[in-house]
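Visitor: Here you go, one structure.
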Amino acid sequence: MIRSPRAWALEQNDRRTVFASGTEATMFAESRPFHVALHRLPAWKAVLPIGGHARLLQPGRPTVAAPGLIVPPQLAHSCAATSPYVALFIDSWLLPSYPEPIRLDAGEVRRLLAALGTTDSHGPDAGVDLAAGYTELRALAGYPTPLDPRVAHAIHLCTLRDPDMPITSIADEVGLSAPRLRALVRQDVGIALARLRRWGRLRTAIADLPDSTAALAAATAGFADQAHLTRTARDFIGRTPASLRRAEA
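Residue numbers (this note's numbering): 221 to 469.
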């Protein structure tokens, strides 16, 4: 099993919360049902209830319910699981474009959970196999179109290697003007480069939450302040950073 390089698990009363982030995917899991508010995530999200169902609501549209759901990037929605669950986040360019949520049947959910190494009815531990989970998800959703190498390198720089590197410097490194780079990213990925950078920073901040205050996690990840981190979390994942590490009412 490939252990995630950034992972933590918290136990509080009857609630277990697990986070793991690697090259292929990021995972968040809880040992109880959950509901998150309206949000737009700049990444794919697979909601994998353990024994229950997932429900998704888009403004002005009927509720979508299934044993599991794959939600495409930038879809405005609220979401819930009726049981312990795993939420698997995949960067937008790592799966093919699809305009609507993809329903998963119970067998597909079981295969994804098994690939992650989840055998406990309350959810996984911090040693999940994110690479295997992504491979199984890709088998269900399909293979993406390869990115322009310049776009791929620019995204890697601003989301993983050097999140504080100015866009103009990134553009220089890949041999493009800053406006041309931004246009290529929007064309190939469908999401603004600045929004992708904020998603990378949010993952970094969440990874640091158990060992620091929210303010320190925000500063370490490159947010202007704790309020900026909180706004980004609500916009991207529909909940606050504090809710990720404490039991909610």
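The C-beta atom is built at its ideal place from N, Cα and C for all residues, glycine as well.
Does D445 come out as helix, strand or coil in the three-state DSSP assignment?
Guide: Taking the first residue of the sequence shown as 1, we reach residue 445 at position 225. It is coil, neither helix nor strand.
Visitor: Ordered along the chain, which non-local residues of its own chain (more than five positions away) have a Cβ less than 7 Å from that of A453?
Guide: Residue numbering aside, residue 453 sits at position 233 when the sequence shown is read from its first letter. L422, R459, T460 and P461.
Visitor: Identify every run of the alpha helix (DSSP H) within the stretch 342 to 376, keeping only runs that are complete inside it and at least 4 residues long; order them along the chain.
Guide: 350 to 361 and 369 to 376
Visitor: Indicate the three-state DSSP secondary structure (helix, strand or coil) for L396 in the structure shown.
Guide: The residue labelled residue 396 in the question sits at position 176 within the sequence shown. Residue state, collapsed to three classes: coil.
Visitor: Would you give the residue range spanned by the beta strand (DSSP E) that A296 belongs to?
Guide: Numbered from its first residue, the sequence shown carries residue 296 at position 76. No beta strand (DSSP E) holds A296; DSSP gives it neither H nor E.
Visitor: In angstroms, rounded to a whole number, what distance separates the CA positions of T246 and D345?
Guide: By 1-based counting over the sequence shown, the position of residue 246 is 26. By 1-based counting over the sequence shown, the position of residue 345 is 125. Looking at the two C-alpha atoms, the distance is approximately 13 Å.
Visitor: DSSP state of L315, grouped into three classes?
Guide: Within the sequence shown, the letter at position 95 stands for residue 315. It is coil, neither helix nor strand.
Visitor: Count the other C-beta atoms from every protein chain shown that fall within 10 angstroms of the C-beta of D311, then say buried if there are 16 or more, exposed otherwise.
Guide: In the sequence shown, the residue the question calls residue 311 occupies position 91. Answer is buried; the Cβ neighbour count reaches 16.
Visitor: Helix, strand or coil, according to DSSP, for A467 in the structure here?
Guide: In the sequence shown, residue 467 corresponds to position 247, counting from 1. Note on A467: pLDDT 42, under 50, position unreliable in the model; the coordinate value appears next. Three-state result, A467: coil.
Visitor: What first and last residue would you give for the alpha helix (DSSP H) that runs through T200?
Guide: The chain is shown only over 221 to 469; residue 200 falls outside these bounds and no answer can be derived.
Visitor: Report the partner residues of G288 according to the DSSP bridge assignment.
Guide: Sequence index remark: in the sequence shown, residue 288 carries index 68 (1-based). Answer is L324, bridged to G288.
Visitor: Here's the rule: buried if 16 or more other CB atoms are within 10 angstroms of the residue's CB, otherwise exposed. What is G271?
Guide: Stepping through the sequence shown from its first residue, residue 271 is reached at position 51. Classification for G271: exposed.
Visitor: In whole angstroms, give me the CA-to-CA distance for T283 and L396.
Guide: Position 63 of the sequence shown, counted from the first residue, corresponds to residue 283. Position 176 of the sequence shown, counted from the first residue, corresponds to residue 396. Near 44 Å, if we compare the C-alpha coordinates of L396 and T283.
Visitor: State the Cα-Cα distance for the pair L268 and A249, rounded to the nearest angstrom.
Guide: Here residue 268 is taken as the residue at index 48 of the sequence shown, counted from 1. Here residue 249 is taken as the residue at index 29 of the sequence shown, counted from 1. Using only the alpha carbons, I get a separation of about 9 Å.
Visitor: Taking buried to mean at least 16 other C-beta atoms within 10 Å of its own C-beta, is A266 buried or exposed?
Guide: Sequence index remark: in the sequence shown, residue 266 carries index 46 (1-based). Flag for A266 reads buried.
Visitor: In chain order, what residues of the same chain have a beta carbon less than 6 Å from the beta carbon of E468, not counting five sequence neighbours either side?
Guide: Here residue 468 refers to the residue found at position 248 when the sequence shown is read from its first residue. Residue placement at E468 is flagged as unreliable, the pLDDT there being 40, under the threshold of 50; a coordinate-derived value is accordingly withheld.
Visitor: Can G347 and G337 be called in contact, C-beta distance under 8 Å?
Guide: Residue 347 sits at position 127 when you count from the first residue of the sequence shown. Residue 337 sits at position 117 when you count from the first residue of the sequence shown. Contact flag set, yes.
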